[in-house]
Each structure stands twice: as C-alpha cells, then as structure tokens.
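Peer 1: Following my numbering from start to finish, the sequence shown increments by one per residue and tops out at 567.
Where is the CB? At the ideal position from N, CA and C, for every residue including glycine.
Note that the structure is a prediction, hence the values are computed from the model and not measured.
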Amino acid sequence: MDRKIKILAVCGATASGKSALALELARRYGGEIVSCDSMQVYKEMNIGTAKPTDGEMAMVRHHMIDVAEPWENYSCAEYVKDAESAIEDVAARGKLPIVCGGTGLYLDALLRGSGFSDESSPDLVLRSELFSLAEREGNLAVHNMLRELDPESAEATHPNNLKRVIRAIEICKTTGEKKSELDRRSLLAPEKYDATVIALRYNDRDILRDRIEKRVDIMIEQGLEAETRRLLELGVFDKNTTAAQAIGYKEFLGYFRGESDFAECTQLLKFATRRYAKRQMTWFRGKSYVQWIDADGGNGIKSFKEIVNSASELFLKS
250 MDRKIKILAV CGATASGKSA LALELARRYG GEIVSCDSMQ VYKEMNIGTA
300 KPTDGEMAMV RHHMIDVAEP WENYSCAEYV KDAESAIEDV AARGKLPIVC
350 GGTGLYLDAL LRGSGFSDES SPDLVLRSEL FSLAEREGNL AVHNMLRELD
400 PESAEATHPN NLKRVIRAIE ICKTTGEKKS ELDRRSLLAP EKYDATVIAL
450 RYNDRDILRD RIEKRVDIMI EQGLEAETRR LLELGVFDKN TTAAQAIGYK
500 EFLGYFRGES DFAECTQLLK FATRRYAKRQ MTWFRGKSYV QWIDADGGNG
550 IKSFKEIVNS ASELFLKS
C-alpha cells in the first residue's frame, strides 16, 4: 500500500488567528500553505475574503488562491481535485503541505478524498428551474421537493439554506442516489492523508467577538465598499450566486440598494460574521479528527509563541 502523504491542517473560526499560525508553522517546518476557503479561490475578491497579503505570499508559497474567475461557480468537488494536486506537488518537492482555512465542508471532503465527494456534475438547467421555483413559491416549496426525494437530507438542511437544498436535489436527480446515503458511505471511507488537524478556540467568547469586529473595521478601511462596487459593476453577483451571498459582499449589496445606511451595514456585517464564526465552531466541534488548542487561558489571550509551541507539540506527536 502506498504511504499516505503527511499533512498539517489549521482550522477554526474566522478571525481566530489560524492564518498567522499556519504561516509560522510553514516557516518552522518548511511548509507551503494550501488554502481551504471557499471564497479565496475567486480572483478579484480580496478584501472581503481576507486573502493573505502579498508579503505573506512572498514569505511562504500559497496554493488554491485565485484559481477561478469570480463569475464562475467553483464547486467543492473542483476544489478537492485541485487541492489534491497541489498537496501532491508540495509533498513531491519535499515540503510539508499545510492546509489552512475555515470552510469545514471543503476540509472534510479533502480529507476523505475526491472519490468520496458528494459533488456530481451540476445540472445547470435543473438548478435554474429550482431557483426560479423558490422565487415564485418560496424556499419551502423546494425544500418539500427534497423531502420527497431524500427525507433524511431534508431534515438536516434548513429550508432557507437554498443552495444546499438545491444541491441535494441535484445529486438525487443526476446520480439516482440520495445525498444522505452518499454521506453515510463517505464516513466509512479511509482518510486519504496522514493528517494532523488543529483548530483554535477561545474559551472567552468576547475575545473572538472583539477580534471579529476589529477585522471588519480593517476590511472597511482597506476598501471593502469599493471592492464590492467593482464586483457589482463587473456583473459578478448576477452570475455567481455564491459570491452574492458571501458575508461582506451581501451586506454592502443591501447598502447599495438603500436597505441600510453605512453604519447599519457595518453592524450587519459584524453580526453576520459572528454568526458565521459560531457555525464554524459548531462544525469543527463535531469532527473527531480535530485537536483543539485554547488560544486563551486564565490570564487572557495566550502569547503567539505559546500557541505556536502547542501546535508544534501536537504535530510532532502525531
């Protein structure tokens, strides 16, 4: 049997500090970073996706950033295929692949391997028809369709998560199998890599809340409004429904439509980001392969050196 490629993955909620940790670990162990972020794959979407700076990318080589045009719909299956190639390339050159990001679904699919991805080829005609149905009759009408095809997936997916509801229907229609059954089989598959997966968490939720709010303020200072307007003028949000729903851009689109003033837009963005961070933590807490590092303790935030050393210990033990 071929020996599995050794990888290190750093995950966690947005603004938790995972990118800085991955960067330092890459420097320490001669690694290269493979982004695991569903939005950083898109060109032109820089500030809103918190892409690494030019300086960071010059310091350590990064992969899976700017691999798709912003008006394309780049799927999880495409990500897994391309990320696998990047990991093989990094390992073949004697470097350590360090997967870093907060898109738990993509990380999970990557660890399972492309052969176990639930992403069949998309049926764009069916997808368009289902989105139209939702516009005419509401999200519940589409969700009821899924309930007839795959009750288990319907039970696990909120009607307002329209994209995932439609994707589950597509899988049923194009493969003849239920998404819930494919998911169940994938859990039985051996993991593709010899992976050490580390996640950062904060026991004091106010610390992460403050980090998120500071990040949003920085994004706005960097020109998130102008970036969103430019993407709107390019027609990106009309062509890519994923981009239109991305946190940061979605709130500014509402601002442009006059649904909120600038201050309200900023607060909505901070609230949406906090809520997203909570969903990320819920996802990662449910994964048995994740090893946790507390970024804070009894005396508040730990030093960056302490966090790096804790991550190193977990990696070297595995």
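#1: Could you tell me if Leu-373 is buried or exposed, where buried requires 16 or more neighbouring beta carbons within 10 angstroms of its beta carbon?
#2: Would you kindly work out how many angstroms separate the C-alpha atoms of Pro-408 and Gly-343, rounded to a whole number?
#3: In the structure shown, what three-state DSSP assignment does Arg-291 receive?
#4: Take Asp-331 as the anchor and find which of Ala-341, Gly-362, Trp-320 has the nearest alpha-carbon.
#5: For Pro-346, which residues does DSSP report across the bridge?
#6: Just to check my reading of the structure: Ala-492 and Phe-486 have Cβ atoms closer than 8 Å, yes? What is that Cβ distance to the nearest angstrom?
#7: Just the C-alpha distance for Phe-365 and Asp-338, rounded to the nearest angstrom, thanks.
#8: Pull up the distance between the alpha-carbon of Ser-268 and that of Leu-359, whole angstroms please.
#9: For Asn-539, collect the residues of the same chain with a Cβ closer than 6 Å to its Cβ; drop the 5 residues on either side in sequence, then sort them by chain order.
#10: Measuring only from the beta carbon, is Ala-544 closer than 6 Å to any heavy atom that is part of the ligand SAH?
#11: Along the chain, where does the alpha helix (DSSP H) containing Arg-524 start, and where does it finish?
#12: Relative to the C-alpha of Ala-503, which residue among Arg-524, Met-306, Glu-327, Leu-481 is closest?
#13: Taking only the alpha-carbon atoms, compute the straight-line gap between Met-306 and Ile-461 and give it to the nearest angstrom.
#14: Which class does His-392 belong to by DSSP, given the choice of helix, strand or coil?
#15: In the DSSP assignment, what are the bridge partners of Asp-443?
#16: Exposed or buried, what is Ser-402 when buried is set at 16 or more other beta-carbons lying within 10 Å of its beta-carbon?
#17: Take the Cβ of Gly-549 as the centre, count every other Cβ of all protein chains shown within 10 Å, and call the residue buried at 16 or more, exposed below.
#18: Quick one: what does DSSP say Leu-563 is sitting in, helix, strand or coil?
#19: Cβ of Glu-327 within 7 Å of Cβ of Lys-292?
#20: Considering only residues of the same chain and omitting the five flanking positions on each side of Glu-368, which have a CB-CB separation below 7 Å?
#21: Buried or exposed for Leu-565, please, with buried defined as at least 16 other CB atoms from any protein chain shown within 10 angstroms of its CB.
#22: Taking only the alpha-carbon atoms, compute the straight-line gap between Met-250 and Ile-256 and give it to the nearest angstrom.
#23: To the nearest angstrom, how far is the alpha carbon of Asp-443 from that of His-312?
#24: Tell me which residues share the same chain as Ala-521 and place their Cβ nearer than 7 Å to its Cβ, disregarding the 5 neighbours each side in the sequence.
#25: Could you give the DSSP three-state label for Leu-483: helix, strand or coil?
#26: Could you spell out the range, first to last residue, of the beta strand (DSSP E) harbouring Val-539?
#27: With H, G and I counted as helix, E and B as strand and the rest as coil, what does DSSP make of Arg-506?
#28: Is Gly-350 closer than 7 Å to Asp-286 when the C-beta atoms are compared?
#29: Count the other C-beta atoms from every protein chain shown that fall within 10 angstroms of the C-beta of Thr-477, then say buried if there are 16 or more, exposed otherwise.
#30: Where does Ala-495 fall in DSSP's three states?
#31: Give the straight-line distance between the Cα atoms of Gln-471 and Asp-303, rounded to the nearest whole angstrom.
#32: Return helix, strand or coil for Lys-450, following the three-state DSSP convention.
Peer 2: On the basis of the coordinates in this document:
#1: It counts as exposed.
#2: One C-alpha to the other measures close to 46 Å.
#3: The residue asked about is misnamed: residue 291 is Tyr in this sequence, not Arg. Reduced to three states, the DSSP call for Tyr-291 is strand.
#4: Comparing Cα-Cα distances from Asp-331 to each of Ala-341, Gly-362, Trp-320, the minimum goes to Gly-362.
#5: Glu-281.
#6: 6 Å between Cβ atoms; contact.
#7: A caution first: Phe-365 carries a pLDDT of 47, below 50, which makes its placement in the model unreliable, though a value can still be read off. Looking at the two C-alpha atoms, the distance is approximately 21 Å.
#8: When rounded, the distance between both Cα atoms is 18 Å.
#9: Contrary to the premise, residue 539 reads as Val rather than Asn in this sequence. The answer, listed in chain order, is Val-446, Ala-448, Phe-533.
#10: The ligand SAH is absent from the structure shown, which contains no ligand whatsoever.
#11: For Arg-524, the uninterrupted alpha helix (DSSP H) segment begins and ends at 511 to 534.
#12: It is Gly, not Ala, that sits at residue 503 in the sequence shown. It is Leu-481.
#13: Roughly 23 Å between the two C-alpha positions.
#14: It is helical.
#15: Bridge pairing for Asp-443: Lys-255 [DSSP].
#16: Sixteen is the threshold: when 16 or more other Cβ atoms of the shown chains lie within 10 Å of the Cβ of Ser-402, as they do, the residue is buried.
#17: Classification for Gly-549: exposed.
#18: Leu-563 carries a helical assignment under DSSP once its states are collapsed to helix, strand and coil.
#19: In this structure, Glu-327 sits away from Lys-292, with a CB-CB distance that is not shorter than 7 Å.
#20: With a pLDDT of 49 at Glu-368, under the threshold of 50, the predicted position of this residue should be treated as unreliable, though the coordinate-derived value follows. Ser-324, Cys-325, Ala-326, listed in sequence order.
#21: It counts as exposed.
#22: Reliability fails at Met-250, whose pLDDT of 45 lies under 50, so the model's placement of it is uncertain and no value is given.
#23: Rounded to whole angstroms, the separation of the alpha carbons of His-312 and Asp-443 is 19 Å.
#24: For Ala-521, the CB contacts under 7 Å within the same chain, skipping 5 residues up- and downstream, are Ile-496, Glu-500 in chain order.
#25: Of the three classes helix, strand and coil, the one that applies to Leu-483 here is coil, per DSSP.
#26: Segment 539 to 543, the beta strand (DSSP E) holding Val-539.
#27: DSSP places Arg-506 in coil when its eight states are reduced to three.
#28: Result yes, Cβ atoms of Asp-286 and Gly-350 sit closer than 7 Å.
#29: Residue environment analysis places Thr-477 among the buried positions, since at least 16 neighbouring C-beta atoms fall within 10 angstroms of its C-beta.
#30: In the structure shown, Ala-495 adopts coil according to DSSP, grouped into three states.
#31: Taken atom to atom, the span from the alpha-carbon of Gln-471 to that of Asp-303 is near 14 Å.
#32: Here residue 450 is Arg; the residue named in the question, Lys, does not match the sequence. Shown here, Arg-450 sits in a strand according to DSSP, grouped into three states.
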